[in-house]
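Structure record follows, encoded as structure tokens.
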Amino acid sequence: MSANSSSENNSSTGTWTVKSGLAQMLKGGVIMDVVTAQQAEVAQESGAVAVMALERVPSDIRKDGGVARMSHVKLIKEIQASVSIPVMAKARIGHFVEAQILESLGVDYIDESEVLTVADEDNHIDKSNFAVPFVCGARNLGEALRRISEGAAMIRTKGEAGTGDIVEAVRHLRTINGEIRKLSSMLKDELFTAAKNLQVPIELLTTVADTGKLPVVNFSAGGVASPADAALMMQLGAEGVFVGSGIFKSAADITNETDRLNQQKAMATAIVKAVTYYEDPRILAEVSEAIPDNAMRGLSVAQLPSEELMAGRGN
Amino acid sequence: MSKRPLVGVLALQGDFREHATSLSEAGAEVTEIRHAENLKNIQGLIIPGGESTAIARLLIAYNLTDPIRRHIEQGLPTWGTCAGAILLAKNAPDLDRPTISVMNITVQRNAFGPQINSFEENIYVNGISGLPIKAILIRAPIISDTGPEVSILGKLSDGSIVAVKENNLLATSFHPELTNDSRMHGLFVDMTRQYS
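Note that the protein sequences, when read in sequence, are chains A and B.
Going letter by letter, the first sequence gives residues 1338 to 1652 in the numbering used here.
Going letter by letter, the second sequence gives residues 23 to 218 in the numbering used here.
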């Protein structure tokens, strides 16, 4: 389904304003990965602005290996039925049929994600063809603008999912914002060269140079595992955060399920508060005191073999 | 030209920066509200679009609900867009945590279903002359019932009520802050000029 308009009542669905507008509403908020309806309820209760319905969180995808695909339709439907906030789901890079299925399920946003196994090594999904909006990952300005040219209505920096290590998220956000600052000081003839080097349309690049920001909302993802991590990304200029394994892999050593969920809820609530009050160290200290003392153990990205890194997928 | 009124925008979550930009264009000074003490000296307040459940939890956690309600009851002009309209409504049956609840309207959350049904439509709004307003409705609520003091300012072509006013309160289902048209913000700034 593409943008649809009816002349009778002049109303149109699937427009760019409507697709990019939902991301505007998510700003200053936390989008949480969940693998069950119960986790989705905990996420909503904690103040999440949306949930990402997954079969496995990235740290388990990493551990289990194998091919990671779109989540099971039954699971997505269960999660949709359990919450009133927007439900997102991931499709493999280039797998436009997974995206068609997710659109027909009424998923509110599709994440064309490097966390899943890549389905097409050359082409991303033509996202302008869909009424449902897409969010895509990016490590640098070229990736971000190529995804936007393909129709992405929201960007998230990739980070390195499932590690609980913030280092890549920081690198990617600093890279994009640094590249934008450089563009703003370029002369027009230099912008043509920049467009050529970044492999992006000159019109889009000129808009970014003029406004000093991406034309869509930019969240941070991939490695946020504490309220301090979330506030760091906000201070660096993220407009909101995705948290994957950082919430529902915290307190993993607690065997009683209710106790564990309560601890995870404390982590989720603390990250939500940290994203709102990211410039207030007093509140950040307060919320950091309330989190479980067994945060996600995590993996240091520097110690991961390069073939296990996800961020390089789909550039 | 009269003095620029100081208008607060609740900045817990959502598109508060877009409201700030539109307010400046419409002739107001803007301040972001994250704590009750920020409410001092403002002549108007906007509760922005965002996720009503998330904003409600933060209002409760940081003790903002009662101070905001008190200011509104003392006459503070207040405008809620989308999530903001839900939070202002006395009756929002599908919001699990009632918070500000001051306006005599019933609001049905997410009335059009999932995001693929979100849409834009040109509508006429009472008090706004000239071209119609582009109403952007994103997982939007509708105002399904209104009390006797509430005047209806705008409806969609299907008859759904999407803009209402009750004394010092304004509520819209749509997002004028996502457009370059600041006439709705102008209408609200005029309301704040009558309050001191």
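Cβ coordinates follow ideal geometry from the N, Cα and C atoms, glycine included.
Candidates 1649/A, 1561/A, 1603/A and 1616/A, of which the one nearest residue 1499/A by Cα: Working through the first sequence from its first residue, we reach residue 1499/A at position 162. The shortest C-alpha separation from residue 1499/A is found at 1561/A.
Report the option in 133/B, 122/B, 103/B and 166/B whose CA atom is closest to the CA atom of residue 8/B. For chain B, the structure presents residues 23 to 218; residue 8/B sits outside this window and is missing.
Separation of residue 1441/A from residue 1427/A, as counted between CA atoms: Against the first sequence, residue 1427/A aligns to sequence position 90. Against the first sequence, residue 1441/A aligns to sequence position 104. Cα to Cα, the separation comes out at about 14 Å.
With distances taken from CA atoms, which of 1593/A, 1559/A, 1566/A and 1569/A is nearest residue 1581/A? Walking along the first sequence from the start, residue 1581/A turns up at place 244. Minimum Cα distance to residue 1581/A is reached at 1559/A.
Quick check on residue 63/B - is its C-beta less than 7 Å from some C-beta in chain A? Counting from 1 along the second sequence, the entry for residue 63/B is found at position 41. It does not; no Cβ of chain A falls within 7 Å.
Taking a Cβ distance cut-off of 8 Å, strictly less, list which residues of the stretch 42-59 of chain B are near chain C, in chain order. Protein chains A and B are contained in the structure displayed, whereas chain C is not.
Using a Cβ-Cβ cut-off of 6 Å (strictly less than) and excluding sequence neighbours within five positions of residue 1620/A, which residues of its own chain qualify? Reading the first sequence from its first residue, position 283 is the one you call residue 1620/A. The residues are 1614.
Helix or strand or just coil, what does DSSP make of residue 176/B? Indexing the second sequence from 1 puts residue 176/B at position 154. Reduced to three states, the DSSP call for residue 176/B is strand.
How big is the Cα-Cα spacing for residue 1370/A and residue 1390/A? If you number the first sequence from 1, residue 1370/A lands on position 33. If you number the first sequence from 1, residue 1390/A lands on position 53. CA-to-CA, the gap between residue 1370/A and residue 1390/A works out to about 6 Å.
Endpoints, alpha helix (DSSP H) assigned at residue 1601/A: In the first sequence, residue 1601/A corresponds to position 264, counting from 1. Here the alpha helix (DSSP H) through residue 1601/A covers 1594-1613.
Roughly how many angstroms separate the alpha carbons of residue 154/B and residue 147/B, rounded to a whole number? If you number the second sequence from 1, residue 154/B lands on position 132. If you number the second sequence from 1, residue 147/B lands on position 125. About 7 Å.
Just tell me which of 1431/A, 1361/A, 1372/A and 1350/A has its CA closest to the CA of residue 1584/A. Reading the first sequence from its first residue, position 247 is the one you call residue 1584/A. When each option's Cα is compared against that of residue 1584/A, the closest is 1372/A.
By alpha-carbon positions, which one of 73/B, 32/B, 97/B and 85/B ends up nearest to residue 215/B? Translated into positions along the second sequence, residue 215/B becomes position 193. Of the listed residues, the one whose Cα sits closest to residue 215/B is 97/B.
Rounded distance between the beta-carbons of residue 1384/A and residue 1609/A, thought under 8 Å: Looking up residue 1609/A in the first sequence gives position 272. Looking up residue 1384/A in the first sequence gives position 47. A Cβ-Cβ separation of about 4 Å places residue 1609/A in contact with residue 1384/A under the 8 Å criterion.
One or two residues paired with residue 187/B in a DSSP bridge: Within the second sequence, the letter at position 165 stands for residue 187/B. DSSP, once it has assigned bridges, lists 173/B and 192/B as partnering residue 187/B.
Measure the beta-carbon distance from residue 105/B to residue 145/B and round it to whole angstroms, keeping in mind my assumption that it falls under 8 Å. By 1-based counting over the second sequence, the position of residue 105/B is 83. By 1-based counting over the second sequence, the position of residue 145/B is 123. So it is not a contact: roughly 20 Å between Cβ atoms.
Would you say residue 1502/A and residue 1625/A are within 7 Å of each other, going by their C-beta atoms? Residue numbering aside, residue 1502/A sits at position 165 when the first sequence is read from its first letter. Residue numbering aside, residue 1625/A sits at position 288 when the first sequence is read from its first letter. No.
With distances taken Cα to Cα, identify the nearest neighbour of residue 167/B among 209/B, 56/B and 183/B. Indexing the second sequence from 1 puts residue 167/B at position 145. With distances taken between Cα atoms, residue 167/B lies closest to 183/B.
Sort 1510/A, 1532/A, 1511/A and 1509/A by Cα distance to residue 1520/A and report the nearest one. As a first step, residue 1520/A must be located in the first sequence, where it is residue number 183. Taking only the C-alpha atoms, the option nearest residue 1520/A is 1532/A.
Between the stretch 1403-1419 of chain A and the stretch 1448-1459 of chain A, are three or more C-beta pairs nearer than 8 Å? yes
Along the alpha helix (DSSP H) that carries residue 110/B, what are the first and last residues, could you check? Translated into positions along the second sequence, residue 110/B becomes position 88. Run containing residue 110/B: 105-110, per the alpha helix (DSSP H) assignment.
Within 7 Å of any Cβ in chain B, is that where the Cβ of residue 1339/A sits? On the first sequence, position 2 is the one that residue 1339/A refers to. Note on residue 1339/A: pLDDT 45, under 50, position unreliable in the model; the coordinate value appears next. Answer no: the Cβ-Cβ gap between residue 1339/A and chain B never drops below 7 Å.
Between residue 30/B and residue 61/B, how many whole angstroms is the CB-CB distance? I'm expecting something under 8 Å. Here the question's residue 30/B lines up with position 8 in the second sequence. Here the question's residue 61/B lines up with position 39 in the second sequence. Yes, they are in contact, since the Cβ atoms of residue 30/B and residue 61/B sit about 6 Å apart, within 8 Å.
Which runs of the beta strand (DSSP E) fall wholly inside the stretch 1536-1563 of chain A and span at least 3 residues, in chain order? 1554-1557
Status (buried if at least 16 other CB within 10 Å, exposed otherwise) for residue 1409/A: Translated into the one-based positions of the first sequence, residue 1409/A becomes position 72. Exposed, by the Cβ-count rule.
Residue ranges of each beta strand (DSSP E) within the stretch 1449-1521 of chain A, 3 or longer: 1471-1475 and 1491-1494
Outcome for residue 116/B when other beta-carbon atoms lying within 10 angstroms are tallied against a minimum of 16: Along the second sequence, read from residue 1 onward, the residue named residue 116/B stands at position 94. Around the CB of residue 116/B, fewer than 16 other CB atoms lie within 10 Å, so the residue is classed as exposed.
Are any of the Cβ atoms in chain B nearer than 7 Å to that of residue 1349/A? By one-based count along the first sequence, residue 1349/A stands at place 12. With 7 Å as the cut-off, residue 1349/A counts as an interface residue toward chain B.
Using a Cβ-Cβ cutoff of less than 6 Å, which residues in the same chain neighbour residue 1568/A once the five nearest sequence positions on both sides are dropped? Taking the first sequence and counting its residues from 1, one reaches residue 1568/A at position 231. So the list reads 1611, 1615 and 1621, once near-sequence residues are dropped.
At a CB distance below 9 Å, what residues from the stretch 176-205 of chain B approach chain A? Give them in sequence order. 178, 179, 180, 197, 199, 200 and 201
Is there a Cβ of chain B sitting closer than 7 Å to that of residue 1498/A, yes or no? In the first sequence, residue 1498/A corresponds to position 161, counting from 1. Not an interface residue.
Assuming residue 1552/A contacts residue 1485/A under a Cβ cut-off of 8 Å, what Cβ separation, rounded to an integer in Å, is found between them? Your numbering for residue 1552/A matches position 215 in the first sequence. Your numbering for residue 1485/A matches position 148 in the first sequence. About 6 Å; that satisfies the 8 Å criterion.
Can you tell me which of 169/B, 210/B and 25/B puts its alpha carbon nearest to the alpha carbon of residue 125/B? For this step, residue 125/B is matched to residue 103 along the second sequence. Checking every option, the nearest Cα to that of residue 125/B belongs to 169/B.
What's the C-alpha gap between residue 1363/A and residue 1549/A? The count along the first sequence starts at 1 and reaches residue 1363/A at position 26. The count along the first sequence starts at 1 and reaches residue 1549/A at position 212. The alpha-carbon atoms of residue 1363/A and residue 1549/A are separated by roughly 21 Å.
Output, in chain order, the set of chain A residues within a Cβ distance shorter than 8 Å of residue 34/B. Numbered from 1 along the second sequence, position 12 holds the residue referred to as residue 34/B. Neighbours of residue 34/B on chain A, chain order: 1365 and 1613.
Cα-Cα separation between residue 55/B and residue 33/B, rounded to whole angstroms: Indexing the second sequence from 1 puts residue 55/B at position 33. Indexing the second sequence from 1 puts residue 33/B at position 11. Straight-line Cα distance between these residues: approximately 5 Å.
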